[in-house]
Each structure stands twice: as C-alpha cells, then as structure tokens.
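Participant: Here's a structure for you.
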Amino acid sequence: MKIIILGAGIIGVSTAWHLLEQGHEVTVVERQPDAALETSFANAAQISVSYCEPWANRDAPLKALKWMFRNDAPLLFRPTLDWQQWRWGLQFLGQCNDTAFERNVQQLVALGAYSHTALKDVVRATGIEYQRLEHGIAHYYTDQKSFDTAGDAAALMRKYGVSRRVVGRDELLRIEPAFRPFAHRIVGGTYTASDESGDARVFTQALAKACIARGAEFLYNHDVVRLNKLGDAIDSIAIRARSTGAGGQNDQENLRHLKADQFVAACGSYTAPLLRTVGVDLPIYPGKGYSATFPILRPEAAPLVSTIDDELKIAISRLGNQLRVAGTIEVGGYDLSLDSALARARCQMLSDRIETVLPGVCDTRNEAQGGTPNYWTGLRPATPTNIPYIGQTPVGKLWINAGHGTLGWTHGAGSGKALAELICGRQPDMNFGFYGNTPSRNPRLAPATAAG
Ligand SMILES: Cc1cc2nc3c(=O)[nH]c(=O)nc-3n(C[C@H](O)[C@H](O)[C@H](O)COP(=O)(O)OP(=O)(O)OC[C@H]3O[C@@H](n4cnc5c(N)ncnc54)[C@H](O)[C@@H]3O)c2cc1C
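With the working numbering, letter number 226 in the sequence shown gets 469, and the count goes up by one each step, no holes.
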C-alpha cells in the first residue's frame, strides 16, 4: 500500500520505519527542514519504562492549585479562553483517582515494555548511535514524606512486571556517586536497572535517513494544510512547500494534493486541531516543557545514570560531553516562547538546580554571564490519561499515532511498530487499549476513547 505519514517526530519516523519493514511505500510530510525539530528535539532523553506514572493522580488537583502562582511549579495550569483547554482540564480531573491511576499505569507499562523491545530491535537492525547509556534510571527524594510513599509506587510497577526498587541513600550514592555533594539533602531513592537514556533527536534523524535509504520519500519544508475528505474517507491531503511563502487556506495555487491508500496523523500536539477539521475530536493538548543542555566541565564528576529529582520533578541525563536537564509542565496553549518572564524563570530554575545538586560539574552560566546554556522548550502532546491514541479513526483511511505526552521517546519505537501491525490487519502482542476499530488483546481493557 501507499501510506502517507503526517509529521516526522519520533512517532512519525518510527511508524515510517515499521511500515517499510512490512513492505509498504511510505511518504512522510514534515513542515520543518529535518526530522525531530519540534517536541522530539531536546527532551529529557529517558527511556523510562518504569517511571511512567501519569500526572493525573489523587494528589494532583490540590498540588496544582497550590502551585498556580509559583513560576517554578512542576505542573502549572494557566487558564486561557480556549474551550479545549478547559475540557482537557476537566477530563484530567476525572483521571485523578486511584482506580484510573492504576489502570493508566498498567497501559503505560505495557506499551513501555513493548516499545523497549522494539527500540532494541531497531538499534540492532540499523546500528544507530545516539549517546545511548544503559545504566538504568534513579530517582532521588529530598523529602521524607514523599520518600515514604516511594515503596507504593515501586510495588505498583513490580505488579506489572517492572523491577523498580527502593534504595537507601548510601545505595543510591553507590549506584550514582556523582550526587555525593548533594548527599546531605537526599533521604533515599528508587532505581530501575533496566531503563536507559539517549538522544531522541539524534536517533530520530538517523532513523529518518535509514528510512530514506530504504526508499521512503521525506517531503521536508512542507505544511499539511488540509485533509481532503471524499464521502466517509480521506481521499488526499493538501500540502504546500514553505518556499512558496505563507499562503492562506484559500491559496489554491501553491497547493499539491497527495493521494494514498492510508494516512497516518502523527503531528504531536497539532494532531488534535488537524483532525477536528474532519470531525475527529480528541483531547490532545500541549503541555509545555523546558530543557537546558550544558557543556560538562568535569566529566569524571558528571552522572552516567539518568536521574529524576523528585522535589522539582526534573530529569537529568548525560549525553556525551553534555548534560541535559528537563522538566515542568505548563498547560496554557501553543505558545513556544522562551523570553517571557515565566519562561526565563523556569529556565533559570533548571540552571540553579544543576549548580546545587552537581556544583561545578557543568558550565551553567547564562548568556549574560558568558555561558551557552542552550535552553529549549517543546509542547508535549498530552492526553488526560497520558495514554496515546494509536489506531484507526472513524474516518476511512485515517489512522492516528499521537498524544504521547511525557513519554513519546520511551513509547516511540513501540507505537510505530504497533500502528504498522494494525494497518497490516494484525494485533500487536501487548495488552493495550488501541483507539477506534482496533480491539485490545485484553477484553478487560476499554479502548482509549475520546474521553481520554
Ligand atoms: C521538556 C520535555 C521533556 C521530555 N522528556 C522525555 C523523556 O525523557 N522521555 C520520553 O519518553 N519523552 C519525553 N518527552 C516527551 C517526548 O519528547 C514527546 O512525547 C515526543 O517527542 C512526541 O513526539 P511526536 O512525534 O508525537 O511529536 P513531535 O516531535 O512534535 O513531531 C510532530 C511533527 O509533526 C510536524 N507537524 C505538525 N503539524 C504539521 C503540519 N500541519 N504539517 C507538517 N508537519 C507538521 C511537526 O513539525 C513535528 O516535527 C519530553 C518532552 C518535553 C517537552
């Protein structure tokens, strides 16, 4: 079949690779000049099968309320006039209970485990190098009350087959000695040896090249302007080369119409507004996050184990001779600015924290001080459950692979493989509630619905 994929982030490119594996003819349309230049560009780098708890839990509403006026809040809801944001918020609240939390964790672990295997298969097949470190993921706590609950979360993960274990401070510092200068603040942690880390951008761009070598066509610098419906199915998509200038919706002259047998929407946060134009209404809403990437000054003192700082909910990962620190979520629309007071405060918070936990290890000076911190922001395609939509939409020939929220890098390879299997009419080998006309293997799992 001829299949067109919309979007070349980690999800679109992984889907392309797996469809090529199945012998399909693949075209990818991407508005940027290369793959992975939007949300897949500079994330926290964690392949985090075991640290996959969704943001929606029983304590989240109270915490979010308390954090509403704090610039450095890990989760910040910034009210706008956008109805979609309020609808998303209400559905998120509906997930803030223990039953939903455990159901969502089960789904996320199932997809994570399947995806980890798929990633290893892709790496074996392609030999792609992407600063991969297989040293596990650690999580340290600075607050005794939070650490006291770490055992419950670890037990829940073990129930679903992930070996996350609680470790005391001394053991944590044996696992990752780089945090010794911060030892006086650490009360304990957890550790999962099977998790790993690596650069999502480097991986995705290399995989896109591998797809091209296998015959895929990548139309970079092209906007998908419209999905053209004929009857109940998508007949073609209208695209426009960015070099023709910014024409409006009615600028027919510069549009090209591409036909295919199937279409896959993998446009990250922009998938929801695009699909709404053909009547598919899904709660995928942007969750803005930030990262900073610092040059390492003392490699011998920099961590190799990717680590989560529980207090600020940020992740720290080593990428060769650089250290990436990323986190925080801001639910407030599609704004990607880095120069607002709020954005500057959040970026500065990342620098300050690294200087506190790993003093003198990186060059954390800001630009005014002569440093090159490389701040970045991206829009996580968030769903209220944190579970992505993978499957067939009610519109003929239209599939979706989007809504991966905080875990798109972890779930990328598996989501691509699973959707390719579904398009080929096969059931992926995992207990997961696929979207739409694609039943789960486990009848107890409801497919992910529009309610998120
Ligand atoms: C701060 C931060 C830290 C994170 N840390 C981690 C982590 O440690 N581990 C993890 O697993 N995940 C992490 N994530 C999440 C992960 O990065 C995302 O879930 C993932 O990148 C989403 O991939 P995607 O392909 O769906 O979206 P994207 O990478 O955004 O790709 C979508 C593509 O579609 C293109 N597109 C959109 N609309 C159009 C259009 N109309 N025409 C043409 N092209 C279009 C865009 O240009 C883009 O390239 C993090 C995210 C953030 C923001």
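Idealized CB from N, CA, C, for every residue including glycine.
1) Work out the CA separation of residue 440 and residue 292 for me, nearest whole Å.
2) Report the start-end ranges of each beta strand (DSSP E) in the region 383 to 422 that is 3 residues or longer and not cut off at the edges.
3) For the region 462 to 469 against the region 583 to 598, are there 3 or more C-beta pairs whose distance is under 8 Å?
4) Could you check how far apart the C-beta atoms of residue 652 and residue 371 are, in whole angstroms? I think they sit under 8 Å.
5) Going by alpha carbons, who is nearest to residue 534 out of 268, 282, 251?
6) Count the other CB atoms, across all protein chains shown, that sit within 10 Å of the CB of residue 329; report buried if there are 16 or more and exposed otherwise.
7) Helix, strand or coil: how does DSSP classify residue 357 here?
8) Hey, residue 561 and residue 604 are a contact pair by Cβ (cut 8 Å); roughly how many whole angstroms apart?
9) Just to confirm the assignment, what range does the beta strand (DSSP E) spanning residue 483 have?
10) The beta strand (DSSP E) that contains residue 573, what's its start and end?
11) Drop a sphere of 10 angstroms on the beta-carbon of residue 263, count the other beta-carbons inside from all chains shown, and report buried for 16 or more, exposed for fewer.
12) Helix, strand or coil for residue 190? Go by DSSP, reduced to three states.
13) Give the DSSP bridge partners of residue 727, in chain order.
14) Pull the bridge partners of residue 248 from the DSSP assignment, please.
15) In angstroms with no decimal places, state the Cα-to-Cα distance between residue 396 and residue 611.
16) Buried or exposed, going by whether 16 or more other CB atoms sit within 10 Å of the CB of residue 326?
17) Between residue 568 and residue 419, how many whole angstroms is the CB-CB distance? I'm expecting something under 8 Å.
18) When the Cα atoms are used, what is the spatial distance from residue 519 to residue 390?
19) Using C-beta distances below 8 Å, list every residue in its chain close to residue 258, excluding the 5 sequence neighbours before and after it, in chain order.
20) With DSSP run on the structure shown, which of helix, strand or coil describes residue 450?
21) Return the CA-CA distance between residue 496 and residue 482, expressed in angstroms with no decimal places.
22) Considering just the uninterrupted stretch of the alpha helix (DSSP H) at residue 660, what are its terminal residues?
23) Do you know whose CA, among 298, 638, 646, lies nearest residue 527's CA?
24) Residue 460 and residue 399 look like a contact to me (Cβ under 8 Å); what is the Cβ gap, rounded to whole Å?
25) Span of the beta strand (DSSP E) holding residue 643?
26) Relative to the C-alpha of residue 337, which residue among 299, 640, 402, 515 is closest?
27) Under 8 Å between the Cβ atoms of residue 701 and residue 629?
28) Measure the alpha-carbon distance for residue 693 versus residue 635 and round it to whole angstroms.
29) Among the residues of its own chain, which have a CB less than 6 Å from the CB of residue 272, if the five just before and after it don't count?
30) Starting from the Cα of residue 207, find the closest Cα among 331, 312, 341 and give me that residue.
31) Tell me which residues share the same chain as residue 429 and place their Cβ nearer than 8 Å to its Cβ, disregarding the 5 neighbours each side in the sequence.
32) Check whether the region 304 to 312 touches the region 349 to 367, counting contact only when three or more Cβ pairs, one atom from each stretch, lie closer than 8 Å.
33) Residues in its own chain within less than 7 Å of residue 265 by CB, not counting five upstream and five downstream?
34) Please classify residue 615: is it buried, with 16 or more other beta-carbons within 10 angstroms of its beta-carbon, or exposed?
35) I'd like the list of long-range same chain contacts for residue 303, defined as Cβ closer than 6 Å, with 5 residues on each side in sequence excluded.
36) Can you give the beta carbon distance from residue 620 to residue 556, rounded, assuming they're within the 8 Å contact cut?
Facilitator: Let me lay it out:
1) The count along the sequence shown starts at 1 and reaches residue 292 at position 49. The count along the sequence shown starts at 1 and reaches residue 440 at position 197. Answer to the nearest angstrom: the Cα atoms are 11 Å apart.
2) Complete beta strand (DSSP E) runs here, min 3: 408 to 410.
3) Segments in contact, no.
4) Taking the sequence shown and counting its residues from 1, the one referred to as residue 652 is at position 409. Taking the sequence shown and counting its residues from 1, the one referred to as residue 371 is at position 128. Incorrect: roughly 14 Å between the Cβ atoms, too far for contact.
5) Residue mapping note: residue 534 aligns to position 291 of the sequence shown, counting from 1. Comparing alpha-carbon positions, the option among 268, 282, 251 lying closest to residue 534 turns out to be 282.
6) Taking the first residue of the sequence shown as 1, we reach residue 329 at position 86. Residue 329 is exposed by the Cβ-count criterion.
7) Taking the sequence shown and counting its residues from 1, the one referred to as residue 357 is at position 114. In the structure shown, residue 357 falls within a helical segment according to DSSP collapsed to helix, strand and coil.
8) If you number the sequence shown from 1, residue 561 lands on position 318. If you number the sequence shown from 1, residue 604 lands on position 361. Rounded to the nearest angstrom, the Cβ distance from residue 561 to residue 604 is 10 Å, too far for a contact under 8 Å.
9) Numbered from 1 along the sequence shown, position 240 holds the residue referred to as residue 483. Segment 476 to 484, the beta strand (DSSP E) holding residue 483.
10) As a working mapping, residue 573 is identified with position 330 in the sequence shown. Counting along the chain, the beta strand (DSSP E) containing residue 573 begins and ends at 565 to 574.
11) For the purposes of this step, residue 263 is taken as the residue at position 20 of the sequence shown. Buried: at least 16 other Cβ atoms inside 10 Å.
12) Because the chain spans 244 through 695 in this model, residue 190 falls outside it and cannot be assessed.
13) Only positions 244 to 695 of the chain appear in the structure, and residue 727 is not among them; the question remains open.
14) What you label residue 248 is simply residue 5 of the sequence shown in a count that begins at 1. DSSP, once it has assigned bridges, lists 271, 507 as partnering residue 248.
15) Here residue 396 refers to the residue found at position 153 when the sequence shown is read from its first residue. Here residue 611 refers to the residue found at position 368 when the sequence shown is read from its first residue. C-alpha separation (whole angstroms): 42 Å.
16) Translated into positions along the sequence shown, residue 326 becomes position 83. Under this definition residue 326 is an exposed residue.
17) By 1-based counting over the sequence shown, the position of residue 568 is 325. By 1-based counting over the sequence shown, the position of residue 419 is 176. In fact, because the Cβ distance is near 15 Å, the residues do not count as touching under 8 Å.
18) Residue 519 sits at position 276 when you count from the first residue of the sequence shown. Residue 390 sits at position 147 when you count from the first residue of the sequence shown. Those two C-alpha atoms are separated by around 43 Å.
19) Residue numbering aside, residue 258 sits at position 15 when the sequence shown is read from its first letter. Here the set comprises 248, 507, 509, 644, 658, 659, 662, 663.
20) Taking the first residue of the sequence shown as 1, we reach residue 450 at position 207. Residue 450: helix per DSSP, three-state reduction.
21) If you number the sequence shown from 1, residue 496 lands on position 253. If you number the sequence shown from 1, residue 482 lands on position 239. CA-CA distance, residue 496 to residue 482, rounds to 11 Å.
22) For the purposes of this step, residue 660 is identified with residue 417 of the sequence shown, where counting begins at 1. For residue 660, the uninterrupted alpha helix (DSSP H) run begins and ends at 651 to 666, by DSSP.
23) The residue labelled residue 527 in the question sits at position 284 within the sequence shown. Ranking 298, 638, 646 by CA distance to the CA of residue 527 puts 646 first.
24) Position 217 of the sequence shown, counting from 1, holds the residue named residue 460. Position 156 of the sequence shown, counting from 1, holds the residue named residue 399. Actually they do not touch by this definition, with Cβ atoms about 44 Å apart.
25) As a first step, residue 643 is located in the sequence shown; it is residue number 400 there, counting from the start. Residues 641 to 645.
26) Counted from its first residue, the sequence shown places residue 337 at position 94. Measuring from the Cα of residue 337, the nearest candidate turns out to be 299.
27) This structure cannot settle anything about residue 701, because the visible part of the chain is limited to 244 through 695.
28) Taking the first residue of the sequence shown as 1, we reach residue 693 at position 450. Taking the first residue of the sequence shown as 1, we reach residue 635 at position 392. Note that residue 693 has pLDDT 43, beneath the 50 cutoff, so the model's placement of it is unreliable and no number is given.
29) Working through the sequence shown from its first residue, we reach residue 272 at position 29. Closer than 6 Å at Cβ, skipping near neighbours: 249, 462, 465, 467, 482.
30) What the structure shows of the chain is the stretch from 244 to 695, and residue 207 is not part of that stretch, so it cannot be assessed.
31) Reading the sequence shown from its first residue, position 186 is the one you call residue 429. Contacts found: 383, 384, 385, 412, 415, 416, 422.
32) Below 8 Å, too few C-beta pairs join the region 304 to 312 and the region 349 to 367 to call them touching: fewer than three.
33) Counting from one through the sequence shown, the residue named residue 265 turns up at place 22. Residues 663, 667 of the same chain have their beta carbon placed closer than 7 Å to that of residue 265, with the five preceding and five following residues left out of the count.
34) As a first step, residue 615 is located in the sequence shown; it is residue number 372 there, counting from the start. Under this definition residue 615 is an exposed residue.
35) The residue given as residue 303 occupies position 60 in the sequence shown. Excluding positions up to five away in sequence, the list reads 339.
36) One-based indexing of the sequence shown puts residue 620 at position 377. One-based indexing of the sequence shown puts residue 556 at position 313. Between residue 620 and residue 556, the beta carbon gap of about 16 Å keeps them out of contact (Cβ cut-off 8 Å).
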